[in-house]
Amino acid sequence: MPSALLNVMINAAQKASRKLRRDFNELENLQVSIKGPADFVTSADIRTQKIIIDELIKAKPDWSFVAEEENNIISKSTNNRFIIDPIDGTTNFLHGNPNFAISIAAEIDNRLEAGIIYSPITDELFFADRGKGAYLNDRRLRVAKRNKLSESVIVTGIPHIGRGDQSKFIKEIEELMPKVAGIRRSGSAALDLAWVAAGRYDGFWETGLSIWDIAAGIIIIRESGGIVTGIDGSEEDLYNGNLVAGNEIIHNSLIEKIKNIYLQDK
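Numbering of the sequence shown is given in the numbering used here, commencing with residue -2 and proceeding in unit increments.
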């Protein structure tokens, strides 16, 4: 059973999703602005974030908030905070691609306690409480058991214009492509991590992410028996948004293949 804290997060995401699903079917009516190169924000992002925060404040009025969109830090005198991405995969959303999600994590005293990743279109809810396992709706999650890169499907994000080191990414792809069964790119890091937890992908790596992209996914993967660290193997690098995930063998194999490339010129 989800904890009381997790239920608060689930209720907030599901309430926000009702309007978000309507927005998805009326994309031509949305206001869209650009935060940076290939970095879009819609009225749906802002509205969804407001609904989520309003719901969470009702239950936890003394908590702080870190969220992706405008006015994104609400700081209270507390060590408890929610970390929110109202639409992870906004570009997908804008193009009518259903591969986007709401991501919410809860952190107490700098330790992740709970996380949810909710796909409004498929109605798939991935969630985890620390120490209680990870679930997809009512099914317990476990990472895939494959132990060979040559049999594994790996997912990543491609650095887009204005973000990331494309040349270094190409080197990583060149290193991995001959050694894996396939490489995928979905456009939502949160869902990528959830799918690793569910065993749909065998591993994940990406650089340059933000804490709201990954916080919920980190605890969901760990509670599904997976390993997630920074590409250099550290927690610091992880929370700087550069990460590798999978079961222990695939995680370690990915680091072995790409770590030296990643560390070049750092």
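Every residue gets a Cβ at the ideal spot worked out from N, C-alpha and C, and that includes glycine.
Proximity of residue i and residue j at Cβ, strictly below 8 Å
i	j	result
A141	G196	yes
M6	A131	no
T226	E220	no
G184	I211	no
L3	G86	no
I258	E169	yes
I54	W209	no
R44	K12	no
K73	K176	no
L109	S250	no
Opening and closing residue of the beta strand (DSSP E) in which residue i lies
i	result
R19	R19 -> not in any beta strand (DSSP E); alpha helix (DSSP H) instead, spanning A1 to F21.
V241	L240 to G243
S61	S61 to A64
A178	Unbroken run through A178: none, as it is neither H nor E.
R78	N77 to D85
L122	E121 to D126
T226	I224 to G227
E110	R108 to S116
L133	A131 to L133
Own chain residues within Cβ distance below 8 Å of residue i, not counting five before or after
i	result
K256	I228, D229 and G230
H248	G200, G223, I224, V225, T226, V241 and A242
K129	S0 and E220
T75	D59, W60 and S61
8 Å contact criterion, which residue i and residue j should meet: CB distance rounded
i	j	result
G223	A186	Incorrect: roughly 15 Å between the Cβ atoms, too far for contact.
N144	I246	4 Å
A178	S149	6 Å
D42	I84	5 Å
E66	S207	Rounded, the Cβ-Cβ distance is 12 Å, inconsistent with contact.
A194	L138	5 Å
Residue interval of the alpha helix (DSSP H) (run including residue i)
i	result
N237	Looking at the DSSP string, N237 is not in any alpha helix (DSSP H), and its letter there is neither H nor E.
A195	Neither: A195 is in no alpha helix (DSSP H) and is coded neither H nor E.
G214	I208 to E220
F166	Q163 to L173
A102	Counting along the chain, A102 falls outside any alpha helix (DSSP H), though it belongs to the beta strand (DSSP E) covering A98 to I105.
E148	Segment: none, E148 is in no alpha helix (DSSP H) and carries neither H nor E.
Own chain, CB closer than 7 Å to residue i, minus 5 neighbours either side, in chain order
i	result
R78	W60, S61, F62, V63 and E104
S0	A111 and D126
Q28	T39 and S40
E203	T153, G154, A186 and L240
L190	F201, I211, G214, I217, I218 and A242
I91	Checking the sequence, you will find Leu at residue 91 rather than Ile. Cβ neighbours of L91 beyond the five flanking positions: L24, V29, F37 and T39.
A56	V5
Residues near residue i in its chain [Cβ-Cβ closer than 6 Å; skip 5 each side]
i	result
N134	L122
Y198	V150, V152 and W192
I46	Residue 46 is actually Gln in this sequence, not Ile. Excluding positions up to five away in sequence, the list reads A64, E66 and P83.
A9	I49, E52 and L53
D106	N76
**Inter-stretch contact (C-beta, 8 Å, three-pair minimum) for the region 164 to 172 and the region 97 to 117** = no
**Message:** Contact between the region 14 to 26 and the region 81 to 101 is defined here as three or more beta-carbon pairs at a separation below 8 Å; is this criterion met?
**Reply:** Of all C-beta pairs linking the region 14 to 26 to the region 81 to 101, three or more are shorter than 8 Å, placing the two stretches in contact.
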